[in-house]
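Have a look at the structure below before the remarks.
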Amino acid sequence: MNAFNTLGLSNEIVRALDEQGYTTPTPIQAAAIPKVLAGHDILAAAQTGTGKTAAFMLPSLERLKRFANTSASPAMHPVRMLVLTPTRELADQIDANITSYIKYLPLKHTVVFGGTNMDTQVQALRSGREIVVATVGRLLDHVSQKTIQLNKVDILVLDEADRMLDMGFIDDIRKIIAMLPKNRQILLFSATFAPEIKRLANDFMHLPEIIEVAAQNATNKNVEQHMIAVDASRKRHLLERLIVDLDMPQVIVFCKTKISVDQVTRDLSRKGIVAKAIHGDKAQQTRTETLAAFKEGKVKVLVATDVAARGLDISEFPFVINYELPSNPEDYVHRIGRTGRAGAEGIALSLMDETEQRMYESICKLIKQDLPLDKIENFEPRWMQKHEAQSTHTTSGQLVVAASRAPKEAAVTKDKPRAAHPSNTQARKSALAAASSVESKTDVALDDFPDSPLIKGRRRRGVRSQRLSCALLQSNFGVKRR
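Anchor point for the sequence shown: position 410 equals 1369 in this note's numbering, and the numbering is continuous, going up by one each time.
Okay, here's the thing in structure tokens:
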């Protein structure tokens, strides 16, 4: 029996879920679906990859069933549900999910966002659509041109609301809500409960049911996090070595700016690594083609800004690399949420230079975790070398090889043969953990950097720092040097 039956969903919806292999709801789905069906406003904290799209769409479709009809008249298909998203990619993903959910329901839907032909969108809206998924800016374009009416909307969804507020859409969202009927239902989903989110809920929601499937601002427990200290000038070289030595099948690399995205993509491509960039300046067709190629495995590295990566729907994704730490700590939670999804395991690596120490502290404070600082041998940052020299000791009997292009025989010892190549993420994580234990140091010379916010924070928390050896990782993985 499909467990979704027990949540109050009709046979038409459950049948569509059965055909997709969905038989057991995720925690956010089990918590949200009954409350949405009961008509409550919802304020939910849920990370990316928890199944939140189905959590708001499935019960909403159930509530919209009473409006389903096969009439050809546009008047019979007014907009009943509006889903707002921060990015085109997320909007497109949600629209694709709706297509699969309503296979046996005569409901009509469309998606509207910038970068595509507006005439096509106008035609779809004028022919009548019960469900509209939209980005904020393009929706307001249609409102101003009177090509969409919102006076019969019963359900409003704000997906990744925290990100929309970060992007400066708060006033536009308030404007849109003011256009809706007073008796609408609002479903707000956010990775964090920032103060702005709470104010928005207080202003527009009626006694919302609060749902939290994880601690606020918590990172996915299935994601192993590593913060790697490095000089800014050596990040590009280290990035290449990590991708090669960890034998990453595919990886998303996050940068703060479009300029950085383009530069990193060029550098990796010059090294023979198939990399593609995705950011807001790319044409929509180019972005769509890039994502398709990445999903098909034709692209090894997707280099992206935070905004462009929103809504990426990629399953079993093992690696994320933060080439630059984000501008705000909440985005760190979003970034590493791209891996370790739906119960799978993942690894998130962050490259931190001297200028990013305060953001490192802010991230640790937000997620309530003390992230140890790792160091890659031969990539130790100059700004911490003095501290490293005074406090590092080497554990004997372990394989430690320089990360430079060493001879093949240097990667293996007689008493420690090369292991077989494990292909799964757990094996990579085990190797990464083993490498982390090779060399360690404790904070015995913190006074060498009295003004460093990094050292102040580590003195306060007693955080341990670690050194990693690329070659050791490579040896554990059994990966041949390229």
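Idealized CB from N, CA, C, for every residue including glycine. Values in this document were obtained by computation on a predicted structure and should not be read as measured data.
For the stretch 1049–1128, the continuous beta strand (DSSP E) assignments of 3+ residues that do not extend past its boundaries occur at 1068–1071, 1090–1094 and 1114–1118, in sequence order. Rounded to whole angstroms, Gln979 and Ala1083 show a C-alpha spacing of 27 Å.
By the 16-neighbour rule on beta-carbons within 10 angstroms, Lys1257 is exposed.
Taken through DSSP and simplified to helix, strand or coil, Thr1044 comes out as strand. Collapsing the DSSP output to three states places Met1164 in coil. The Cβ atoms of Val1223 and Cys1214 sit closer than 8 Å to each other. Residue pairing for Ser1309: DSSP places it in a beta bridge opposite Met1186 and Asn1281. In the structure shown, the three-state DSSP call for Ile1232 is coil.
Burial state of Arg1143 is buried, judged by a 10 Å Cβ sphere holding 16 or more other Cβ atoms. For Leu1198, the closest C-alpha among the options Glu1183, Val1182, Asn1181 and Val1220 is that of Val1220. Positions of the alpha helix (DSSP H) runs, each at least 4 residues long and wholly inside the stretch 1000–1045, are given as 1011–1023 in order along the chain. Looking at the backbone, the Cα of Ile1335 and that of Val1042 are separated by about 44 Å.
It is roughly 44 Å from the alpha-carbon of Ala1307 to the alpha-carbon of Pro1037. The alpha-carbon of Thr1106 is positioned some 11 Å away from that of Gly1087.
Boundaries of the alpha helix (DSSP H) around Gln1244: Gln1243 to Lys1254. A Cβ-Cβ separation of about 7 Å places Ala1263 in contact with His1238 under the 8 Å criterion. Taking 8 Å as the cut-off, the Cβ atoms of Val1092 and Ala1050 count as close.
The Cβ-Cβ distance between Ile1170 and Ile987 falls below 8 Å. Here Thr1151 really is in contact with Asp1121; their C-beta atoms are around 5 Å apart, less than 8 Å.
Ranked by Cα distance from Ile1145, the first of Lys1134, Asn964, Arg1022 and Ala1160 is Ala1160. Nearest in C-alpha terms to Leu1330, of all of Leu1115, Met1186 and Arg974, is Met1186. Shortest Cα-Cα distance from Met1016 to any of His1068, Pro1277 and Leu1099 involves His1068.
Our two residues, Val1182 and Asn1076, have alpha carbons roughly 39 Å apart in a direct line.
Of Met1035, Val1279 and Ser1286, the smallest CA-CA separation from Glu1304 is found for Val1279. By the neighbour-count criterion, in which 16 or more other beta carbons inside 10 Å mark a residue as buried, Leu1166 falls on the exposed side. Taking all protein chains in view, the Cβ of Ile1218 is surrounded by fewer than 16 other Cβ atoms within 10 Å, so the residue is classified as exposed.
Between Arg1039 and Ile1114, the gap from beta carbon to beta carbon is short of 8 Å. The criterion of a C-beta distance shorter than 8 Å is satisfied by Arg974 and Tyr1063. Restricting attention to Glu1168, Leu1124, Arg1022 and Lys1141, the CA atom closest to the CA of Glu1155 is found in Leu1124. Within the same chain, Cβ atoms closer than 6 Å to the Cβ of Ala1013 are found at Gln988, the five residues on either side in sequence being excluded.
For Val1262, the enclosing beta strand (DSSP E) stretches over residues Val1260 to Ala1263.
Going by beta carbons, Ala1188 and Met1318 fall outside the 8 Å limit. DSSP places Val1210 inside the beta strand (DSSP E), whose first and last residues are Val1210 to Phe1213. Pairing Glu1119 with Ser1149 gives a Cβ-Cβ distance under 8 Å. Residue state for Ser1149 is assigned as strand, using DSSP reduced to three classes. According to DSSP, Gln1144 shares a beta bridge with Ile1114.
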